Each structure stands twice: as C-alpha cells, then as structure tokens.
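In my numbering, the protein residues as written are -16 to 79.
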C-alpha cells in the first residue's frame, strides 16, 4: 500500500463502505472494493495499535515527566517499555 495517513485511509474506507452499502456494483467491483477495504482496515488497526503503545509509554512515566520513548512495532522498530511491569489492578486494555 502506498504511503497513507490515518485520516486519508479512514476517509477512503468510509467511501468504500458507502459504495458497498449502496449496492448496484458488479460482483467483481464489489470484491475489489471489499479487498481494498480490508487492506485499509488493517492499516488503520495497526496505526491505532501504534498510538495505543505510545500512550501507554507516556502514561507509564511516573517521574512527573511526560516523555515519549521509542518502542518496537511488528515491523522491527526500536522498542522500550515492558508490558510485564504493570501494577496489580492496572487496566492496560483500551477499548480499541
């Protein structure tokens, strides 16, 4: 997929969903739209997961300083922050 940003990908996905909901597209066109929609949805999910990790890293800094630290994503980028060090009772899950 070409370089995308979150907002553009979300806009494109919304257009695809609208087109599929309208109906009237041929089977081949519907399949192509669906495939593109799945690709966009996966991209959006990855972007949301990256944002979630960044937020978690920021929230874990207990020194009163708000400082972003790099983390490693599935693509091999550097990572810091250890998810195993959460305090008992911490809710580390976000709704997305």
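Even for Gly, the Cβ is constructed at its ideal location relative to N, Cα and C.
In this text the structure is predicted, and so the values were computed from the model without any measurement.
Closest by C-alpha distance to residue -1, when choosing among 12, -11, -13: 12
query: residue 31 and residue 16: beta carbons closer than 7 Å?
result: If you check the CB distance, residue 31 and residue 16 do not come in under 7 Å.
- Item | Distance between residue 9 and residue 33 (C-alpha atoms, nearest Å) | Cα to Cα, residue 33 sits roughly 36 Å from residue 9.
> Of the residues 40, -12, -5, which one's Cα is nearest the Cα of residue 19?
Replying inline: -5
At the level of alpha carbons, what is the spacing between residue 14 and residue 21? If you take the alpha carbons of residue 14 and residue 21, they lie about 10 Å apart.
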